[in-house]
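Peer 1: Sharing a structure below in structure tokens format, with a few things to ask.
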Amino acid sequence: MPAGGEPQPADRSARPGAIERGAMRRRLRRARQLREATLTELGALVMEMQRQRRNNPALVERKAHEALLVDREAIALARALRSELTVGEVVAAGVAGSCAACGALLATDDRFCARCGTPATAGNGGAAARASTAAPPPDPGTRAAPPPDPRTRMTGPEPR
């Protein structure tokens, strides 16, 4: 071990791979953008309520709660990337899940995978999609006939 360096973890197989870290970075970027949008929306809501002299604390509370959830997710993902946690460890913390079909990260409020469209179920922290919920492949015997080849098309008499 080099001087001043940190000791390497004993189990190197538990470290996330490049694909997994890339998915986590994309999800972190999305969470940060969503956090900025929700904070802007919350500020606009409060300003508009002041301007119209209206008061709805329940609405402000709900919007603030949404912003806090997104903020917590961004913080947890950034921490996971710094400490080289795997997607499984992030999922165990309740931050996000991964799609069983393609492995893309899902937010806790996602209903479908953005990459492959697989429906997300509430089975794994409210976000993991299960391949068993997808529709089975169609039976080959029930497929429609392919369209006719235009080169072998039969022609009738020419119109006059």
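Residue numbers for the sequence shown, in this note's numbering: 28 to 187. We put the CB at the ideal spot given by N, CA and C, even for glycine. Predicted model, so just to flag it, every value in this text is computed and none were measured.
#1: Would you please state the rounded distance, in angstroms, between the beta carbons of GLY142 and CYS129? I believe it to be under 8 Å.
#2: When the Cα atoms are used, what is the spatial distance from CYS126 to ARG78?
#3: Quick test of your reading: LEU55 and ALA94, contact by CB under 8 Å. State the CB separation rounded to the nearest angstrom.
#4: With DSSP collapsed to three states, give me the class of LEU112.
#5: On a CA-only basis, which of VAL73, VAL97, LEU96 is nearest LEU86? Give me that one, please.
#6: Would you call the CB atoms of LEU104 and ALA58 closer than 8 Å?
#7: Considering just the uninterrupted stretch of the alpha helix (DSSP H) at THR67, what are its terminal residues?
#8: Mind checking whether MET51 and ALA107 have CB atoms under 8 Å apart?
Peer 2: This is what the structure holds:
#1: What sits at residue 142 in the sequence shown is Arg, not Gly. The pair is a contact, with the Cβ atoms about 5 Å apart (cut-off 8 Å).
#2: 44 Å
#3: That belief does not hold up - the Cβ atoms of LEU55 and ALA94 are roughly 16 Å apart, past 8 Å.
#4: coil
#5: VAL73
#6: yes
#7: 45-78
#8: yes
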